[in-house]
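Encoded as structure tokens, the structure appears first; notes follow it.
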Amino acid sequence: MNRQDEEDRLERKRIAELADQWRSLAGALPFWTQERDGDEIMLRNQFGDELLVTLHGRWAQHFAQYLGSLQKTAGCALAELLWTIGGHGDSVQIRRQARELLRAMLLEEPRPPGRQR
-5 MNRQDEEDRL ERKRIAELAD QWRSLAGALP FWTQERDGDE IMLRNQFGDE LLVTLHGRWA
55 QHFAQYLGSL QKTAGCALAE LLWTIGGHGD SVQIRRQARE LLRAMLLEEP RPPGRQR
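The sequence shown begins at -5 in the working numbering and counts up by one.
Set out below in structure tokens:
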């Protein structure tokens, strides 16, 4: 194994380790919903019985959109993509997981059954 191969291997290993850390962080979050009350946006747990955070001010809508895109499902999908990039998959798997992440972030429409790329 030459020096570049060893550096690549170590970099993939580090990415996989960081993916595990991100998976732990994202997996510990609750699922949540957003509610609007005037100028405030409230994030509540999926059952609606616990207020997680209140957003207000001129950036509230942007933060709400951002947090809506990077919710628990997308956070876990990001961890899986990073883990695959970290040496646990090939380019086909990486592209498939990247598309899954984009769908989880609601940036790409879900594909109908049987129409997966």
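Using N, Cα and C, we set each Cβ at its ideal position, and we do this for glycine too. All values derive from a computational prediction rather than experimental measurement.
A straight line joining the alpha-carbon of S18 with that of E29 spans about 27 Å.
DSSP, reduced to helix, strand and coil, places R17 within a helical segment of the structure shown. Linking A92 to D84 through their CA atoms gives a straight-line distance of about 12 Å. Non-local beta-carbon contacts of W26 in its own chain, meaning distances under 7 Å to residues more than five positions away in sequence, involve L37, R38, N39, Q40, L46 and Q65 in chain order. If you ignore the 5 residues before and after E94, its C-beta comes within less than 6 Å of the C-beta of A71, all in its own chain and listed in chain order. In this structure, the straight-line span from the alpha carbon of A10 to that of G32 is close to 43 Å. Contact annotation, L12 with L76: C-beta distance approximately 7 Å; criterion of less than 8 Å satisfied.
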